[in-house]
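Residue 1405 is where the sequence shown starts when you use our numbering, and the numbers rise one by one after that.
By construction, the Cβ of each residue, glycine as well, lies at the ideal position given by its N, Cα and C atoms.
As structure tokens, the structure follows; a few thoughts come after it.
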Amino acid sequence: MKIMAVLAILLISALFMGAASADPEYRDVADGAAVFVFEDIAVPDETSTSLTQYSDGPNPAALNVIAGKDGKFQLTEEVVNGMYGVYYYGGTPKDENNTKFILIWYPEITLKAELTTGSDGMSTNGDSIDGKSINKDTFVSFKIGSPKVAPAIGAAAKLTFTTPGGGKAMVFGDTEFTLIQMNTVETITKPARPGPDAEAGTWTVQAQYVTSPFNDYAKKSNVITFTVRSTSLTLTAAKDSVVRNNPFVVTIQGDSLAYYLIYLDGASETDINPTLQPLQEGMNSIAEEDYIGGAVFKTDASGKRNVQYNTAANTEDKTYTIKVVAVEKYSGDDLRLDWNDYDTTKVKVEKGAVTISASGDGSYYIGEEIKLTGTNTDSTDVFLFITGPNLASDGLTLKSVGSRNIEAQRNFNPVSVNTDNTWEYKWTTENCGLDTGAYTVYATSRLTNGKSSSNFLSEPD
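Written as structure tokens, this is what we have:
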């Protein structure tokens, strides 16, 4: 028993020593060949003991030297030290007709994810899904970039997906990505889609080599992040309400690069309704004849499209229902809708507010300058009216005080509102023609609002 135990120990020791002394497998490379960090290579000159990178210029200096033996070299990250390009193993760049060099590169790998187009299913339109949302039936193709490795020696890669729940798999929908052969700078995979059973939420995908030795050492690709939606069509408003004379935006979220009709549901032609901003991105045609405030829009790669409606100072102040409907067919004047696939949102258009205040204590002498200030969130102009003793029953415009000419009184001359919704007017009371007494100054957002609401100013009393 003791002899058998000793023999066993000796045998294990011999096997261990044999494994430690085994040489790595070196890849034979030709002059001018591309080689890569992490590889073990053998150059044609078996007497070579170094690989040297030189500076440019008439007197090249050694920038990096990689030591080896018998023409064999181990290209670790440490010895290459991030210095890529031409390395000579015999002579220097000054030697005429010197072809004893190789090219050392890092085995880079990159990843893109784009919408799939084309009848062959292997074309993309350049619309990336990175950072965007897709539906469960959206087809995607992945582009794996291997700018140096694949064209030089061929390579294989895999894609690893991380689900919203944190699971990892090399399958997307029902398509596997465990072994992708690459022989060109960029390889386009077969298209895949999440599928009806896909988990909704945020997904990530990353590529990495499965070719030795890069599978163990080379960095993985960049990470692509995208969201798989649980619903196919939604319409949301950026704001629940808006003060008229300001725009509002609603967002269509549907299929990628799909057509949708959006319009004001239940709007009346007799009302002054919000209007679509002209020449918006994705807008294809106006459908006002059949659908008030309507147009056909095309979504982007993520299935999204922002639509802006504008309101004016006289837009009806009420709640509007905006509706989006999926388009089954859109060709010229042929517009067919899928009324089973729609969504709505509501936006309330409200009147703004006007304020006015005067400098001083409210008591003034004829000839003083009175500074009037305030705010207006309802329109871009303020109309100032004054009422009091011996004036028209519904008031005069402040700028026409002192004139008994009816046409002058009709010259409204509004005060412009600043971009921060403030306004200011300096009223010089000299020669105003007013009698001593109490007067009231009104500020309105439009001529037919508040004082002096008739179409024309009344005759002076």
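Measure how close the beta-carbons of residue i and residue j come, nearest whole angstrom, since I'm counting them as under 8 angstroms.
i, j, result
"G1549", "V1609", "That pair is no contact at about 14 angstroms."
"A1437", "P1511", "Incorrect: roughly 14 angstroms between the Cβ atoms, too far for contact."
"A1471", "S1459", "Contact doesn't hold; Cβ gap of about 19 angstroms is too wide."
"N1539", "D1659", "6 angstroms"
"Y1829", "L1788", "6 angstroms"
"S1849", "S1783", "4 angstroms"
"V1728", "Y1664", "5 angstroms"
"D1742", "A1730", "4 angstroms"
"E1443", "P1617", "6 angstroms"
"T1833", "G1771", "6 angstroms"
"S1537", "T1631", "4 angstroms"
"R1633", "A1611", "So it is not a contact: roughly 24 angstroms between Cβ atoms."
Relative to the C-alpha of residue i, which candidate in the options has its C-alpha closest?
i, options, result
"F1440", "F1652, A1662, Q1478, W1827", "Q1478"
"T1725", "E1518, N1677, K1504", "N1677"
"L1637", "S1625, A1602, K1708, Y1768", "K1708"
"G1530", "D1601, I1592, F1581, I1770", "I1592"
"P1904", "K1498, T1791, T1451, S1452", "Residue 1904 falls outside the range modelled here, since the chain spans only 1405 to 1865, and no answer is possible."
"L1795", "P1818, C1836, N1780, S1783", "C1836"
"W1607", "T1615, V1553, V1575", "V1575"
"G1893", "L1802, G1670, S1616", "No statement about residue 1893 is possible, as the shown extent of the chain runs from 1405 to 1865 and does not include it."
"A1517", "N1485, Y1713, I1533", "I1533"
"A1662", "D1449, I1508, N1825, D1541", "D1541"
"D1785", "L1802, V1700, A1604, N1825", "N1825"
"T1514", "S1545, P1551, K1536", "P1551"
"N1868", "N1650, L1668, Q1712", "This structure gives no information on residue 1868, because the portion of the chain shown stretches from 1405 to 1865."
"T1503", "D1435, M1687, N1780", "D1435"
"N1710", "D1798, I1656, I1774", "I1656"
"E1754", "E1773, T1715, Q1612, I1774", "T1715"
"W1361", "V1758, L1467, V1845, F1652", "Since the first and last residues shown for the chain are 1405 and 1865, residue 1361 lies out of range."
"R1740", "Q1712, D1694, I1774", "D1694"
"L1639", "Q1712, K1547, L1507, T1451", "Q1712"
Buried or exposed for residue i, going by 16 or more other Cβ atoms inside 10 Å?
i, result
"M1586", "buried"
"V1469", "exposed"
"T1496", "exposed"
"V1447", "buried"
"Y1493", "buried"
"Y1769", "exposed"
"E1481", "exposed"
"A1465", "exposed"
"D1747", "buried"
"G1475", "buried"
"E1673", "exposed"
"A1426", "Only weak support is given to the placement of A1426: the predicted model assigns it a pLDDT of 46, under 50, and the value that follows is read from those uncertain coordinates. It counts as exposed."
"Q1457", "buried"
"S1871", "In this structure the chain extends from 1405 to 1865, so residue 1871 is not present and cannot be described."
"R1648", "buried"
"K1937", "The requested residue 1937 is not part of the displayed model; the chain covers only 1405 to 1865."
"L1776", "buried"
"K1643", "exposed"
"T1703", "buried"
"G1599", "exposed"
"S1804", "buried"
"L1668", "buried"
"A1847", "buried"
"S1706", "buried"
"R1431", "exposed"
"N1780", "buried"
"S1452", "buried"
"S1797", "exposed"
Could you give the residue range of the alpha helix (DSSP H) that holds residue i?
i, result
"E1481", "1481-1484"
"N1619", "1618-1621"
"I1656", "Run containing I1656: none in the alpha helix (DSSP H); it sits in the beta strand (DSSP E), 1652-1657."
"I1557", "1553-1557"
Which two residues bound the contiguous beta strand (DSSP E) that contains residue i?
i, result
"G1489", "1489-1492"
"A1471", "1466-1471"
"S1545", "1544-1549"
"G1645", "The question names Gly, but residue 1645 in the sequence shown is Ser. Its beta strand (DSSP E) spans residues 1645-1647."
"S1735", "1723-1735"
"V1447", "Here V1447 belongs to no beta strand (DSSP E), and DSSP marks it neither H nor E."
"E1754", "1738-1754"
"F1440", "1438-1440"
"N1714", "1708-1714"
"S1689", "1687-1690"
"G1605", "1605-1613"
"V1845", "1844-1848"
Give a yes or no on whether 8 angstroms exceeds the smallest Cβ distance from residue i to chain C.
i, result
"T1791", "Included in the structure is just one protein chain, with no chain C present."
Counting Cβ pairs, one atom from each stretch, are 3 or more of them under 8 angstroms apart for the segment 1593-1612 and the segment 1480-1489? The segment 1593-1612 vs the segment 1480-1489: no contact.
Contact between the segment 1558-1565 and the segment 1574-1585 (3+ Cβ pairs under 8 angstroms): Contact between the segment 1558-1565 and the segment 1574-1585 is present: 3 or more CB-CB pairs across the two stretches fall below 8 angstroms.
Pairing CB atoms from the segment 1613-1629 with CB atoms from the segment 1725-1735, are three or more of them under 8 angstroms? As far as the Cβ criterion goes, the segment 1613-1629 does not touch the segment 1725-1735, which means the pair count is below three.
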